[in-house]
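First up is the structure itself, then whatever we jot down about it.
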Amino acid sequence: MNTIKTGMLLAALTALFMGLGYLIGGMGGAMIAFVVAAGMNLFAYWNADKVVLRMYKARQVD
1 MNTIKTGMLL AALTALFMGL GYLIGGMGGA MIAFVVAAGM NLFAYWNADK
51 VVLRMYKARQ VD
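Note that my numbering has the sequence shown beginning at 1, numbered continuously upward.
Below is the structure:
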């Protein structure tokens with residue numbers, strides 16, 4: 001169930017980003033926004049846990 005929720009959230013944010021890109025730059029802006037959003041989503045999907053652990057300076061317990 002969490003995978004579906006995550007996918008829906010990423011899709012909604014991509015659609016929002018594309019909508020803003022369309023308002024600013026037309027169809028070309030929407031395409032650029034899609035590429036940027038896809039890159040950000042891929043980074044967030046695979047690296048969000050590592051970013052949070054680094055942010056809190058987490059260390060491995062012995």
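Cβ atoms here follow ideal geometry from the backbone N, Cα and C, with glycine treated the same way.
All values derive from a computational prediction rather than experimental measurement.
- Within the same chain, no Cβ atom closer than 6 angstroms to the Cβ of Arg59 is found once the five residues on either side in sequence are excluded.
- The C-beta distance from Met18 to Ala37 rounds to 7 angstroms, short enough to meet the 8 angstroms contact threshold.
- Taking all protein chains in view, the Cβ of Ala11 is surrounded by fewer than 16 other Cβ atoms within 10 Å, so the residue is classified as exposed.
- With 16 or more neighbouring CB atoms inside 10 Å of its own CB, Ala33 falls in the buried class.
- As the crow flies, the alpha-carbon of Gly39 is around 10 angstroms from that of Thr14.
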